[in-house]
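Asks: Before we start, here is the structure in question, set down as structure tokens.
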Amino acid sequence: GDKRDVRIHLVYNPSLWFNFAADSAEVKTSDINKSLYQFQKQWRKVQVAEGWLLEMSRLFPYADEFSKTLINEYYKRYKKMDALMKEHLKHPKNPESKIALAYYRPVVPDYGMPDGDRFKIFRQHFWDYFDPNDSLFLFTPVLIDKFEEWVYLHHHHKDSIAGLYLDRADIIQGINSFIEKINKNQQNRDAVLEYVLKKLDGDKDDKRLFMEVYDHWLKPLTGDCELENPKWQKYHEKAAIYRNVIIGAQAPDFEIMPGRLSLYQIPTNYTLIVFWASWCPHCTQEMPRLKAVLEDITQNKKISLSVVMVSLDTNNTAWTTYVNEQGLQNYIHLCDYKGWKGDIVKAYNVFATPTMYLLDRNKVILAKPLFVEQISSYLN
């Protein structure tokens with residue numbers, strides 16, 4: 029048929045890498061996107077300089093000609109970015125300039141400076157041209173990109189550890205200090221906070237970071253109407269569960285033999301709770317290895333440990349048959365035949381089998397072993 033002039037309105041996403049299709053694209057009519065496209069190409073070159081040229085230059089002796097070539101190219105790319113930013117600084121309130129300047133690093137550390145010191149300089153100038161309160165950034169990738177960059181820049185050097193280090197305190201410091209900067213735009217603040225909570229909730233095995241951020245920003249206070257905001261209701265519900273099963277928390281008590289024995293009445297120094305099911309292939313695969321590890325702990329190492337096996341089976345025959353056939357009678361067993369809907373399963377936030385909790389004598393959660401081999405290491 030007849031050829032037609034097809035125009036697609038795009039705003040390029042600076043958080044995505046170029047591919048061949050994007051590299052060969054040509055912006056015809058949009059001045060905003062022309063400017064953003066030009067910036068994006070140079071920004072990626074700067075990222076390559078940071079991620080590759082800098083590291084490669086460190087692998088070569090300084091006297092080597094190729095090392096000098098790499099170093100020169102490193103500075104050359106930053107100089108081109110500086111020239112490009114001068115144009116954006118002439119109209120800093122234009123949308124395309126706001127986006128470009130948000131990613132701009134106005135100070136280039138010496139290539140030979142240790143990464144921890146370079147990151148410190150980047151942090152010092154992080155807010156020079158970036159205002160996280162700007163409503164424009166709520167509708168672009170900028171706000172989340174800059175948040176991720178800010179937290180990453182909290183990597184630092186630590187004695188006795190090779191390379192850069194980022195511990196829980198650094199992550200919390202990065203998260204809270206970024207959100208604190210968004211003090212004039214509640215929508216932007218909420219967007220970042222929701223992103224953070226959703227991301228931290230993705231760590232299925234350790235909810236401590238989630239709880240620290242939640243407690244700092246969302247924990248309801250007496251008379252706090254924020255609890256009524258449906259946006260945060262699911263996080264209030266999650267926090268109520270996680271608070272009981274994070275490492276360091278007092279494990280939820282439950283009856284093992286009604287009126288005769290509960291979890292808290294088990295007298296051994298350690299208690300291992302194992303959530304499993306006879307229908308779970310991974311459980312049946314791990315069970316022989318679990319038995320071997322537990323025998324080594326209790327018989328060879330003489331460690332005082334009780335094992336509570338909580339089954340998610342819904343069929344009594346399937347459950348008891350497996351226990352008897354596999355020789356698991358020496359452990360404490362219970363099953364309410366409710367599967368995933370059981371009260372104990374819900375109280376311990378069990379979403380997969382097998383799931384294990386290791387408790388101390390006071391029934392405080394010491395660890396949540398992912399593999400049976402980890403149990404011994406936690407007891408050493």
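Start counting the sequence shown at 29; every next residue gets the next number (this note's numbering). Ideal placement from N, C-alpha and C gives every residue a C-beta, glycine not left out.
(1) Using only alpha-carbon positions, find the residue among R288, K186, T168 that is nearest to Y131.
(2) Please classify H310 as buried or exposed, where buried requires at least 16 neighbouring CB atoms within 10 angstroms.
(3) Let me confirm a value: R105 is counted as buried when at least 16 other C-beta atoms fall within 10 Å, else exposed. Which label applies?
(4) For C363, which of E323, D173, F399, W304 has the nearest alpha-carbon?
(5) With which residues is A395 paired in a DSSP beta bridge?
(6) Do L386 and A395 come within 8 angstroms of each other at the CB atom, strictly closer than that value?
(7) Tell me the DSSP secondary structure of Q402 in three-state form.
(8) Between which residues of its own chain and L194 is the CB-CB distance below 7 angstroms, once the five residues before and five after are set aside?
(9) Could you name each continuous beta strand (DSSP E) segment of 3 residues or more that falls completely within the segment 164 to 199, going from the start of the chain to the end?
(10) Check whether the segment 330 to 337 touches the segment 351 to 362, counting contact only when three or more Cβ pairs, one atom from each stretch, lie closer than 8 angstroms.
(11) Would you kindly report the start and end of the unbroken alpha helix (DSSP H) that includes T299?
(12) What do you get for I403, buried or exposed, if any count of 16 or more other CB atoms within 10 angstroms of its CB means buried?
(13) CA-CA distance, F94 and D110?
(14) Going along the chain, which residues of its own chain have a beta-carbon closer than 6 angstroms to the beta-carbon of L318, five neighbours each way excluded?
(15) Our contact map puts H264 next to N204 with C-beta atoms below 8 angstroms; I'd like the distance itself, whole angstroms only.
(16) Could you compute how far the alpha carbon of T342 sits from the alpha carbon of K369?
(17) Should Y406 be labelled buried (16 or more other beta-carbon atoms within 10 Å of its own) or exposed?
(18) Can you list, in chain order, the residues of its chain whose CB lies under 7 angstroms from that of I60, leaving out five sequence neighbours each side?
(19) What do you get for H116, buried or exposed, if any count of 16 or more other CB atoms within 10 angstroms of its CB means buried?
(20) Who are the Cβ neighbours of T299 in its own chain at under 6 angstroms, not counting the five residues just before and after it?
(21) Can you check which of these residues, A197, G144, I199, is closest to H185 by C-alpha distance?
(22) If you draw a straight line from the alpha carbon of K62 to that of K69, how long is it in whole angstroms?
(23) Pick helix, strand or coil for L407, following the three-state DSSP scheme.
(24) Whole alpha helix (DSSP H) runs in the segment 114 to 163 with 4 or more residues, listed along the chain?
(25) Could you name the residues that DSSP lists as bridge partners for S205?
(26) Taking 8 angstroms as the threshold (C-beta atoms), are N216 and F165 in contact?
(27) In whole angstroms, what is the alpha-carbon distance linking L322 and A197?
(28) Is I199 near V179, with beta carbons less than 8 angstroms apart?
(29) With DSSP run on the structure shown, which of helix, strand or coil describes Q357?
(30) Could you say which of F282, D234, P295, P286 lies nearest to T383 if we only look at CA atoms?
(31) Exposed or buried, what is G202 when buried is set at 16 or more other beta-carbons lying within 10 Å of its beta-carbon?
(32) Pick helix, strand or coil for L221, following the three-state DSSP scheme.
(33) With burial defined as no fewer than 16 other Cβ atoms inside 10 Å of the residue's Cβ, what is the status of V373: buried or exposed?
(34) Since I372 is in the alpha helix (DSSP H), which residue starts that stretch and which ends it?
Replies: Taking the definition as stated:
(1) T168
(2) exposed
(3) buried
(4) W304
(5) L386
(6) yes
(7) helix
(8) H182, H183
(9) 184 to 186, 189 to 193
(10) yes
(11) No alpha helix (DSSP H) contains T299, which is instead part of the beta strand (DSSP E) from 298 to 304.
(12) buried
(13) 25 angstroms
(14) V400
(15) Actually they are not in contact, since the Cβ atoms of H264 and N204 sit about 19 angstroms apart, beyond 8 angstroms.
(16) 10 angstroms
(17) exposed
(18) P123, E124
(19) buried
(20) S334, L387
(21) G144
(22) 11 angstroms
(23) helix
(24) 123 to 131, 143 to 152
(25) For S205, which the question treats as bridged, DSSP gives no partner whatsoever.
(26) yes
(27) 34 angstroms
(28) yes
(29) coil
(30) D234
(31) buried
(32) helix
(33) buried
(34) 371 to 375
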